[in-house]
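Asks: Numbering-wise (our numbering), the sequence shown opens with residue 144 and increments by one.
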Amino acid sequence: MISIVNIFLKKAFLIFSFTFFTGYFCLAQTQISAIQPVDNAKNVQTGVIRWNALADHQYDLYFGTSANPPVYKTDLQNGEEKPVILELSKKYYWKVVEKKEGKVLRTSKVFSFNTLPIQLNPKINYNALVDTRDYKVYWTVKIGEKEWFAQNLDFDLAGMSWYYDNNPQNSIYGKLYAGKALTSNQKSICPESWHIPAIEEWNELIGKSGDIKTVGKNLKDSSPMYWRTSNAARSNDSGMTVLPAGSRDSKPSFANLGKYAFFWTSTPDQKVAGSFLSVDLGFMRDKVNNSSGDQNWSYSIRCVRD
144 MISIVNIFLK KAFLIFSFTF FTGYFCLAQT QISAIQPVDN AKNVQTGVIR WNALADHQYD
204 LYFGTSANPP VYKTDLQNGE EKPVILELSK KYYWKVVEKK EGKVLRTSKV FSFNTLPIQL
264 NPKINYNALV DTRDYKVYWT VKIGEKEWFA QNLDFDLAGM SWYYDNNPQN SIYGKLYAGK
324 ALTSNQKSIC PESWHIPAIE EWNELIGKSG DIKTVGKNLK DSSPMYWRTS NAARSNDSGM
384 TVLPAGSRDS KPSFANLGKY AFFWTSTPDQ KVAGSFLSVD LGFMRDKVNN SSGDQNWSYS
444 IRCVRD
C-alpha cells in the first residue's frame, strides 16, 4: 500500500514539475524583444528592424512616426525587415504582432528610436540611398550634373576608420578615414556606383554653389548645433549640409571638432608621394581651401555618384 502511494506521489510530482516548468518556459517566451535597434536608441542610421522570432510563426510589423504606428509589412517570417528607409531627425515607433496559422498569439510593446539629428535644407529635394554592405541609409543631393552624399560616409574600414574620439555617439559626423585607405582600398570605400570625388569634382561643386571666397556658407549645415559660433554665415543653400567633423592626426589624437571639416579627394598629391589632396572648411571663414593631405591623418569622405 505504501509503495502504491509512493509511486502515485512520484508521478504526481513529475506531472506537476513538467507542467510548472513548461508553463514557466512559455511565460518567459511571452515578451517580444527589440534586437535592432534597441528600444530608445539614439543616432540610428541602419535601416534594419530585428526582433526575437520563433520558427513557423508569422509577424506583422507596425512602423512609422506615430506613437500608434500603422501596418508596414505583414506575414514576415524571419524576425527581420530590411531595408527600411529612415529620415533624418525623426523619432520612429514600431511593434510586431506574432501569428500562427492566422491566429494572433502575442503582441510586442511599442518600441521607439531616434535617427541622426541632422537638419537638411527643407527647400531642397533629397533622395535616399541604402548602402547594401551594412544597410546604412544616406540622403543625397544633386548639384549641377552630379549627385553627392549630403552626409559623411560611415562605413567601417577595420583599422583605417574611426569615430571622433573613438566615440560612437559622434556617429552623426560619420567616420574619419586614414589617408592610407585611399591607396589600399579606394574603390571599395564608397558604395557600389559611387566614388571618392576627384579635386576637379570638388571644384565643380564649389563653382555650382557660389564664389570660392564665400561658398563656405552655402555648403555648411545651417543649424546652431554643430559649428562653433563666428561671424561667418551658414545657409546650406547648396544642400550639402557640411558638418565640422574635425580630424585625427598621426599621434593619434583627435582635434577640430566643431571648427573644421576636412574631406579627402581621390586626386594624388604630385608633390608628396602617397598623399592625396583634400578640401577643408573652417568656422571662421567662408572660403574653401585645397591642400595636401598627410596619408597618416584621417579626414571625412563624401561620395559622389559615378
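Even for Gly, the Cβ is constructed at its ideal location relative to N, Cα and C.
Going by alpha carbons, who is nearest to Thr384 out of Glu343, Lys414, Ser352?
Replies: Taking only the C-alpha atoms, the option nearest Thr384 is Ser352.
Asks: CB-CB under 6 Å to Ser441, same chain, minus the five flanking residues each way: which ones, in chain order?
Replies: Around Ser441: Leu319, Tyr320, Ala321, Arg391.
Asks: Just to confirm before moving on: does the CB-CB distance between Leu231 and Trp282 stay below 8 Å?
Replies: Closer than 8 Å, so yes.
Asks: Compute every distance between the C-beta of Tyr281 and the non-hydrogen atoms of the ligand FAD, then say whether any falls below 7 Å.
Replies: For the structure depicted, the ligand FAD is absent and the ligand set is empty, with no information on it obtainable.
Asks: Run through the DSSP bridge pairs and tell me what Glu343 is partnered with.
Replies: Paired residue(s): none; Glu343 is not in a bridge.
Asks: If distances are taken between C-alpha atoms only, which option among Val247, Val191, Ser443, Lys330 comes closest to Trp237?
Replies: Of the listed residues, the one whose Cα sits closest to Trp237 is Val191.
Asks: Out of Pro226, Lys414, Asn295, Ser314, which has the shortest C-alpha to C-alpha gap to Ala184?
Replies: Taking only the C-alpha atoms, the option nearest Ala184 is Ser314.
Asks: Could you spell out the range, first to last residue, of the alpha helix (DSSP H) harbouring Leu107?
Replies: Here the chain comprises residues numbered 144 to 449, so residue 107 is not present and cannot be evaluated.
Asks: Pop quiz: Ser251 and Trp194 are said to be a contact at Cβ under 8 Å. What is the actual Cβ separation, rounded to whole angstroms?
Replies: Going by Cβ atoms, the distance from Ser251 to Trp194 rounds to 7 Å, so yes, they are a contact pair.
Asks: In whole angstroms, what is the alpha-carbon distance linking Asn211 and Ser366?
Replies: So the two alpha carbons sit approximately 30 Å from each other.
Asks: Please identify the residue among Asn310, Asp423, Ala177 whose C-alpha is closest to the C-alpha of Ser396.
Replies: For Ser396, the nearest C-alpha among the options comes from Asn310.
Asks: Are three or more beta carbon pairs between the region 333 to 346 and the region 267 to 280 nearer than 8 Å?
Replies: Touching, yes.
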